[in-house]
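What follows is a set of notes on a single structure, which appears directly below.
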Amino acid sequence: MVFQGIGASVRRKEDVRFLSGKGNYTDDINRPGQLYAYIQRSDRPHATIDSIDIAAASAAPGVVKVFVGADIVEAGLGGIPCGWQIHNQDGSPMAEPMHPVIAVGKVRHVGDPVAVVIAETRQDAKNAAELLEITYTDLPAVANLTDAVKPGAGEVHDGVAGNICYDWAIGDKSVIDGVFASAHKVVKLDLINNRLIPNAMEPRVALGDFDTSSGDWTLYTTSQNPHVIRLLMGAFVLHIPENKLRVVAPDVGGGFGSKIYHYAEEAIVTWAAGKLRRPVKWTADRSESFMSDAHGRDHVSTAEMAIDKEGHFLGLRITTLANMGAYLSTFAPAVPTYLYATLLAGVYKTPVIYCNVKAVFTNTVPVDAYRGAGRPEATYLLERLVDVIAMETGIDKVELRRKNFIGVDAFPYQTPVALQYDSGDYQTTLKVALKNADWDGFEARRAEAKKRGKLRGIGISTYVEACGIAPSAVVGSLGARAGLYEVAEIRVHPTGSVTVFTGTHSHGQGHETTFAQLVVDQLGVPFDQIEIVHGDTAKIPFGMGTYGSRSLPVGGSAMVKAMDKVIAKGKKIAAHLMEAAVEDIEFKDNTFTVAGTDKSKTLTDISLAAYVPHNYPIEELEPGLDETAFYDPKNFTFPGGCHIAELEVDPETGVVEMINFTAVDDVGRVINPMIVEGQVQGGVAQGIGQALMEACIYDSSGQLLSGSYMDYTMPRANDIPNLSVATENTMCTHNPLGSKGCGEVGAIGSPPAVINAVVDALKDYGVRHLDMPATGAKLWSIIQAAPSSGNAPAMAAE
Amino acid sequence: MAQVTLTVNGKQHTVEVEGRTLLVELLREKLGLTGTHIGCDTSQCGACVVHIDGISVKSCTQLALQADGANILTIEGLADADGTLHPMQEMFREHHALQCGFCTPGMVMTAVDLVQSHPEGLSEKEIREGLEGNLCRCTGYHNIVKAIAAAHPLMHAQAAE
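Laid out in structure tokens, this is it:
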């Protein structure tokens with residue numbers, strides 16, 4: 001039999017349905033009598049809504065109902081809640097303004113819902129929306145971070161002075177200032193982490209249904225975490241108890257964070273379905289996705305490193321402005337604090353770190369976690385800063401990293417910014433990446449490229465991230481309003497096949513395959529007799545969903561724990577059947593054996609006895625073989641590694657061609673190498689996208705300029721090089737699988753490697769730093785403006 | 799409303815449509831062929847690619863009425879009737895060329911046309927350029943390129959049989 005347990009590149013169970021057009025995405029679902037919602041969105045960044053005349057729209061063909069903000073006020077709907085509360089330096093809580101599901105009185109970003117037209121067809125609803133007469137009075141808008149914090153800037157929310165959501169810090173200011181006062185040298189870098197739009201290929205969809213006989217609501221939605229949506233929407237917005245509300249997230253076409261959050265449209269269709277006694281469906285146009293999906297990144301930072309004569313890092317001092325957008329999305333406040341500042345030690349033993357973060361409201365779409373969330377921002381900042389230190393001290397950039405690495409014997413390593421890394425080996429991932437990328441042969445390749453008139457550059461990034469989110473008590477003390485455990489139910493059926501119910505959600509990660517491999521490994525059940533069920537609150541006990549590379553380290557660990565319970569119960573049944581002591585029963589390869597004898601029973605013998613308990617210890621043991629476990633992780637997990645980018649810049653055009661990309665990551669135990677490689681490849685492509693082409697642009701008035709695929713540059717096949725992906729793993733020490741998670745590493749490690757390579761390519765043009773994305777136009781301008789004039793590179797001065 | 803008659807995956811349909819109905823809407827909403835996806839509204843993403851008379855076309859850029867009399871192949875019609883996957887589908891699976899699966903139907907239909915129209919062979923660069931009209935956010939394209947390269951000899955060997 002082909003090995004299909006842990007470590008095998010098993011081909012995916014889910015692929016046949018996706019390849020045959022038999023996927024079941026939310027927009028593929030239709031309910032009898034279904035109506036369609038069209039959401040009229042604000043075309044103003046900031047305005048008072050003076051009047052909305054719905055008469056003509058309401059009378060238009062096919063229209064069933066038009067809802068506006070006043071209707072949700074009258075119905076007593078709650079605002080969209082925020083799942084994380086950060087406290088200011090003075091101990092007071094962050095500003096947390098109301099986020100109504102339909103704008104009430106004011107609009108605060110382009111895309112803010114103003115009215116909802118519900119009609120018999122999508123086209124009827126769209127047509128009728130054209131007849132809405134809405135009058136606004138424009139208010140001063142703040143479109144970006146630096147404008148929003150200027151004195152006298154317009155205020156996004158009344159009563160939130162200076163647009164500051166919170167002013168938070170980690171570390172001791174007086175201690176860090178002392179380090180800087182006595183340092184040999186200080187290297188300073190101002191940098192921007194560009195705002196991105198996640199752009200999962202499936203636009204968001206929500207379909208609300210109401211069962212008039214039972215009084216139950218069902219929401220079908222494009223979510224990474226249906227239980228979280230049920231909790232947030234049911235408890236805070238619609239006031240529907242869990243027993244009356246089912247949330248289904250079927251096949252979901254990518255998330256990358258953007259489908260974690262509870263969105264207004266989910267509440268609107270669910271509420272409207274109950275009001276109208278008919279199903280109501282909303283499907284986003286891509287244009288709507290651009291102005292309503294939570295965006296990512298968007299930091300403006302100043303970073304300073306104090307170093308000694310040898311280049312040892314003595315202290316790191318950082319100030320960051322982080323954009324929250326117009327309202328607080330579900331996890332938004334946590335991203336620039338506990339997913340960012342706590343990662344600023346990186347892979348280095350910097351002893352003292354201080355970081356001040358001001359989170360800022362602007363008249364833009366809410367910003368929240370996007371693949372990596374906070375950790376790409378921390379990694380980019382650090383790895384750019386380290387390269388600039390190398391440039392300014394003359395220390396080799398690899399050597400500088402090596403001498404500051406946390407040593408392999410230093411684990412568990414307590415950083416000065418709260419986290420304790422459990423394991424890692426940064427020297428090894430670095431060494432292997434340098435070899436795989438042929439780092440030593442680079443100068444010859446640069447010289448060859450120069451003959452062709454191309455500027456070749458190489459860039460490196462060494463990183464660590466924190467994922468496997470997260471220990472509940474820890475995150476609770478940091479402001480999380482939820483626990484972040486995970487849940488698994490293992491149902492061994494009477495004839496020995498297994499169904500796993502997991503609270504995580506697969507939207508590309510291949511859980512139906514990898515999770516089945518865990519069952520093959522632990523219970524010895526054949527791969528094709530295992531089914532993984534996710535995405536339905538009516539089937540799964542509970543769950544916190546999929547994000548923060550948590551599904552395997554947390555969700556997989558819950559499965560291991562539940563399977564341990566199955567085995568423990570199975571041993572009791574086996575002991576009874578074989579008239580032996582429980583302590584003498586061993587379980588291996590699907591078989592319970594009395595130790596030291598040839599007496600054995602298969603798992604199927606045991607499950608059959610459990611469901612047909614004729615000869616069974618019925619006094620001591622319940623029938624059935626179905627176990628549930630909640631697993632709360634003991635710590636975050638800490639994947640890390642080294643990424644190397646090699647590229648060429650055409651000095652005539654400024655256009656970058658990616659030549660090679662090498663990733664060597666430490667993701668802990670690998671269940672399915674093929675899937676891990678795919679996750680890293682995808683993450684790297686998003687990182688290359690951020691570094692070279694992607695940018696969400698608002699003009700100074702708050703209009704979204706990059707509002708379609710004609711304006712927002714997505715990486716296409718020809719933009720991405722062949723990707724060399726490998727792992728060098730150390731095991732996570734605190735979960736039963738040893739796995740760390742692999743979903744985000746690609747997007748975290750890659751952007752600084754690419755920008756470091758661009759700066760390296762332009763080294764003869766006096767470039768110290770440039771902000772992402774490194775577009776052709778930007779590089780061309782830099783080359784043109786270089787003191788060497790024209791576009792001929794100055795001769796290297798070294 | 800007007801009538802359009804077209805053959806989809808070997809089966810003839812006559813459907814009432816509005817003048818503005820797009821081919822992709824006809825496929826998804828009138829015929830229930832939801833394997834063809836809608837990923838954008840500017841004809842940039844390629845999730846909706848089908849074959850019209852053997853040529854890959856973005857079905858969001860065609861009015862349903864324009865397809866009158868056409869022979870259309872969608873992702874649902876690509877495998878054999880007994881469920882045997884087309885070599886392109888098989889190679890996508892073998893090389894892990896899909897993750898969330900949303901771009902996959904359009905990507906596969908584009909890839910089939912690309913391979914069919916290049917019997918002489920396809921370089922990696924030609925494959926990447928041939929995918930210019932299809933966006934994938936999950937895979938980084940690496941494995942899609944590998945899958946198409948692997949499907950090329952299989953498809954042309956099959957065609958020669």
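These protein sequence lines are chains A and B, in that order. Numbers 1 to 798, taken from this note's numbering, label the letters of the first sequence in order. Numbers 799 to 959, taken from this note's numbering, label the letters of the second sequence in order. Even for Gly, the Cβ is constructed at its ideal location relative to N, Cα and C.
Spatial distance of residue i from residue j (CA atoms)
i	j	result
L737/A	G543/A	19 Å
H109/A	A60/A	28 Å
I659/A	L434/A	16 Å
D589/A	S600/A	11 Å
A796/A	C642/A	Unreliable positioning characterises A796/A in this predicted model, as indicated by a pLDDT of 38, which lies under 50. A coordinate reading is not provided.
P793/A	P376/A	Reliability fails at P793/A, whose pLDDT of 49 lies under 50, so the model's placement of it is uncertain and the value that follows must be treated cautiously. When rounded, the distance between both Cα atoms is 32 Å.
V670/A	T218/A	37 Å
A868/B	G899/B	27 Å
G790/A	D387/A	The predicted position of G790/A is uncertain, since its pLDDT is 49 and thus under 50; no value can be drawn from it.
S51/A	T137/A	10 Å
S781/A	I389/A	25 Å
S739/A	H954/B	42 Å
Y512/A	G830/B	For the sequence presented, residue 512/A should be read as Glu rather than Tyr. Approximately 26 Å between the Cα atoms of the pair.
N30/A	V649/A	50 Å
A574/A	G596/A	15 Å
K634/A	P471/A	6 Å
L779/A	R456/A	13 Å
Proximity of residue i and residue j at Cβ, strictly below 7 Å
i	j	result
E744/A	T713/A	no
A125/A	Y36/A	yes
G83/A	P100/A	no
A284/A	P203/A	yes
G776/A	G682/A	no
T462/A	L430/A	yes
M710/A	T882/B	no
G459/A	A753/A	yes
L145/A	L385/A	no
F501/A	K539/A	yes
L381/A	A303/A	yes
8 Å CB neighbourhood of residue i in its chain, flanking five on each side removed
i	result
G545/A	S223, Q224, N225, P226, H227, V228, I260, G503, T504, H505
C843/B	G837, C901, G904, N932, L933
A206/A	T26, L219, Y220, T221, T222, Y263, E265, E266, I268, V269, T270, K281, W282
V417/A	I170, G171, A341, T342, L343, L344, A345, I353, C355
Secondary structure of residue i, DSSP reduced to three states
i	result
V248/A	strand
Q810/B	strand
P226/A	helix
E956/B	The residue you asked about is not Glu; residue 956/B is Gln in the sequence shown. In the structure shown, Q956/B sits in a helix (DSSP, three-state: H, G or I).
D209/A	strand
A645/A	strand
P752/A	helix
I170/A	strand
K539/A	coil
N869/B	strand
A845/B	coil
Y709/A	coil
A761/A	helix
Under 7 Å from the C-beta of residue i: neighbouring residues of chain A
i	result
E924/B	What E924/B touches in chain A: nothing, since even the nearest Cβ is about 10 Å away.
V906/B	L19
A877/B	S20
T872/B	G21
Chain-ordered neighbours of residue i on chain A, where CB pairs are closer than 8 Å
i	result
L929/B	R716, A717, N718
Same chain only: Cβ atoms within 6 Å of residue i, ignoring 5 sequence neighbours per side
i	result
Y327/A	H99, P366
L723/A	F661, Q681, V684
Partners in chain B for residue i, counting only beta-carbon separations shorter than 9 Å
i	result
R286/A	I836, G837, C838, D839, T840, Q842, C843
Contact list for residue i against chain B, beta-carbon separation under 7 Å
i	result
F18/A	L896, G899, T902
A200/A	R935
N722/A	H940
Cutoff 7 Å; reference residue i; Cβ partners in own chain excluding five residues on either side
i	result
Q414/A	Q420
H184/A	I307, D308, K309
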